[in-house]
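Engineer:
Numbering (my numbering), first residue to last: 52 to 211.
(1) Per DSSP, what kind of secondary structure is residue 179 in: helix, strand or coil?
(2) Once the 5 residues before and after residue 196 are set aside, which same chain residues still bring their CB inside 8 Å of it?
(3) Could you name the residues of the same chain whose beta carbon sits closer than 6 Å to that of residue 111, not counting the 5 residues immediately before and after it, in chain order?
(4) Tell me the rounded alpha-carbon separation between residue 113 and residue 170.
(5) My output table needs one value for residue 136: the three-state DSSP class, helix, strand or coil.
(6) How would you write the range of the alpha helix (DSSP H) that residue 77 sits in, first residue to last?
(7) CA-CA distance, residue 193 and residue 69?
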């Protein structure tokens, strides 16, 4: 059975400027995405007024994970005329939401994940990720920014 969900996944590297939000909002608006997943928002919080001001009107429900200092931050927002959303799980690394199509009743889970950069955080993240068990019959979409490199030479921002 073929299923289709219109999802925008974007590693935004911070959305604290109006220019960046305008670019994101324009892309969401022109492409008619029903669900958006933003990673590395670098924002401590979101509220309904912020979403209403900075997203197209159809994007009206959301969950977020706040940034920690100058990194992290996740946002999952969606059109509740298309999907009902229920947060199933939230921790330092992820938000998992069960979506149910308003039109078809199809159910699926979306996990938006951020893997930390620091050594202790990576260890905790990998232990958590290793222990995830999802039933085979569950439709599950994982979006991620794992921030994981094997060697310092793999970094695209220098080797320090």
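Where is the CB? At the ideal position from N, CA and C, for every residue including glycine.
Structural biologist: Here's the rundown:
(1) helix
(2) 62, 90, 91, 164, 165 and 166
(3) 131
(4) 30 Å
(5) strand
(6) 69-82
(7) 28 Å
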